[in-house]
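Be aware that the sequence shown starts at 1040, since it is given in my numbering, and climbs by one per residue.
Here a beta-carbon is modelled for each residue, glycine too, at the ideal position from N, C-alpha and C.
Remember, predicted model here, so these are calculated numbers, not experimental data.
One structure is given below, encoded as structure tokens.
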Amino acid sequence: MSFNPAFSRLSAEIGMGLTGFGVFFLFFGMLLFFDKALLAIGNVLFVAGLSFVIGLERTFRFFFQKHKVKATGFFLGGVLVVLIGWPLIGMVLEIYGFFLLFRGFFPVVVGFIRRIPVLGSLLNLPGINIVGHSHL
1040 MSFNPAFSRL
1050 SAEIGMGLTG
1060 FGVFFLFFGM
1070 LLFFDKALLA
1080 IGNVLFVAGL
1090 SFVIGLERTF
1100 RFFFQKHKVK
1110 ATGFFLGGVL
1120 VVLIGWPLIG
1130 MVLEIYGFFL
1140 LFRGFFPVVV
1150 GFIRRIPVLG
1160 SLLNLPGINI
1170 VGHSHL
């Protein structure tokens, strides 16, 4: 099977849209006192979007590395608990798993945010500056 860059770009664009909607639904579901339906939709969209952005094979490789088994268990377990109907417990598990899974990316994100004009100056405020430079 040959590589088609147009399909890859389209898949990544769809994935970014799905991930964005997933984050929106998760945030909105938490704002509405952990609404089960919104959190479930957000979880499904976020995981599907991630799969579209980086591909199914790379998604499985990312989640099921030996050193990330605990983090994946917490994250996917949290998704399952939310889908079962216990949103508060599920979101706590998910957030912990998300932190463990993506903590290597946080310094990159903070460095990127520091270059954005208004947000960069906010990150350089005295109390926040210490947190921004801490190593996770």
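With respect to the alpha helix (DSSP H) encompassing residue i, which residues constitute its N-terminal and C-terminal limits?
i: R1048; result: P1044 to L1070
i: F1141; result: P1126 to F1141
Are residue i and residue j close, meaning C-beta to C-beta below 8 Å?
i: V1108; j: F1085; result: no
i: V1149; j: L1140; result: no
i: V1118; j: I1128; result: no
i: P1126; j: F1073; result: yes
How long is the line joining the alpha carbons of residue i and residue j, rounded to whole angstroms?
i: S1160; j: R1154; result: 9 Å
i: F1060; j: V1147; result: 23 Å
(message) Would you call the segment 1128 to 1145 in contact with the segment 1098 to 1117, where contact means no fewer than 3 C-beta pairs closer than 8 Å?
(response) yes
(request) Would you mind listing the alpha helix (DSSP H) stretches within the segment 1099 to 1124 that are 4+ residues and don't spill past its ends, in chain order? (result) 1108 to 1123
(request) Please confirm if the segment 1088 to 1107 is in contact with the segment 1068 to 1080, defined as three or more CB-CB distances below 8 Å between the two stretches. (result) no
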